[in-house]
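**Student:** Let me begin by handing over the structure; questions about it come next.
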Amino acid sequence: MLRDTDPRPDLTAAIVSLAADAALLEARVRLLRKELSSVNERISAASEELNRRLGRPSAAGEEQHDGR
């Protein structure tokens with residue numbers, strides 16, 4: 005009979021590799037959250053400017069009515 009010549013996977017190396025991948029993904033998520041926050045701020049500023057130009061009250065000056 006032929007023996008299986010494939011070596012067993014190195015679990016330590018796999019764990020280290022997965023941990024490194026996880027760290028990279030977490031860093032990417034943080035970066036994307038910052039970018040989304042920046043986009044949200046720009047959208048809010050554009051909305052306020054449009055409301056100002058159209059003579060509408062801005063959302064920042066309105067009270068929230070949903071219990072928050």
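So in the numbering used here, spot 46 of the sequence shown is number 50, and the numbers just go up one at a time. We treat Cβ as the ideally placed atom computed from N, Cα and C, and that holds for glycine. None of these values were measured; they are calculated from a predicted model.
In this structure, how does DSSP classify residue 14 when only helix, strand and coil are distinguished?
**Tutor:** Coil at residue 14, not helix or strand.
**Student:** So, are the CB atoms of residue 52 and residue 62 less than 7 Å apart?
**Tutor:** A contact, by the Cβ cut-off of 7 Å.
**Student:** May I ask you to report which of helix, strand or coil DSSP gives residue 57?
**Tutor:** Reduced to three states, the DSSP call for residue 57 is helix.
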